[in-house]
Structure formats: C-alpha cells, structure tokens
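A.B. asks: Okay, so the sequence shown: first residue is 1 according to this note's numbering, each after it adds one.
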Amino acid sequence: MKKTLLILLALPVLFFTSCSGDDDSSPPIETTSLYGTWDLDYYIQSGDLIENVTCSNQ
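1. From which residue to which residue does the beta strand (DSSP E) around ASP41 run?
2. Could you tell me the alpha carbon to alpha carbon distance between ASP41 and LEU49, rounded to whole angstroms?
3. Between which two residues does the beta strand (DSSP E) containing ILE50 stretch?
Rendered as structure tokens:
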C-alpha cells in the first residue's frame, strides 16, 4: 500500500520535471533575412500591409 501511494505521488513530479535535452538547448536564432521563393499577393512588414508584390529578378 505504501509503495503504491509513493508511486502515485511521484509520477506527477516526474511528469512535470522532465530531464530532456530540449530544455537545455539554446533559443532559436532569428534572422531578418528572407530566403526562398513564394508567390505572394501581399505580406505584412513592420505592421504595414504590403500589396501588389513585384519580383525584381524578372
């Protein structure tokens, strides 16, 4: 009985205090550069809506 009670009390503690490697990792690196190709009609830059997106490489 004591062993079962101890296990039931220990499980929530173990569940909420995991020791995964993800907890110790550094935060993601954010860049301001945009790489890739998209077919956009609009996007938001600094809170402003930019419409009629043109491609300067054509």
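Every residue, glycine too, gets a C-beta built ideally from N, C-alpha and C.
C.D. replies: With the given structure in hand:
1. Start at 1 with the first residue of the sequence shown, and residue 41 comes out as number 41. Element bounds for ASP41: n/a, residue is neither H nor E.
2. Your numbering for residue 41 matches position 41 in the sequence shown. Your numbering for residue 49 matches position 49 in the sequence shown. Cα-Cα distance, rounded: 11 Å.
3. Here residue 50 refers to the residue found at position 50 of the sequence shown. Looking at the DSSP string, the run of the beta strand (DSSP E) that includes ILE50 is 48–51.
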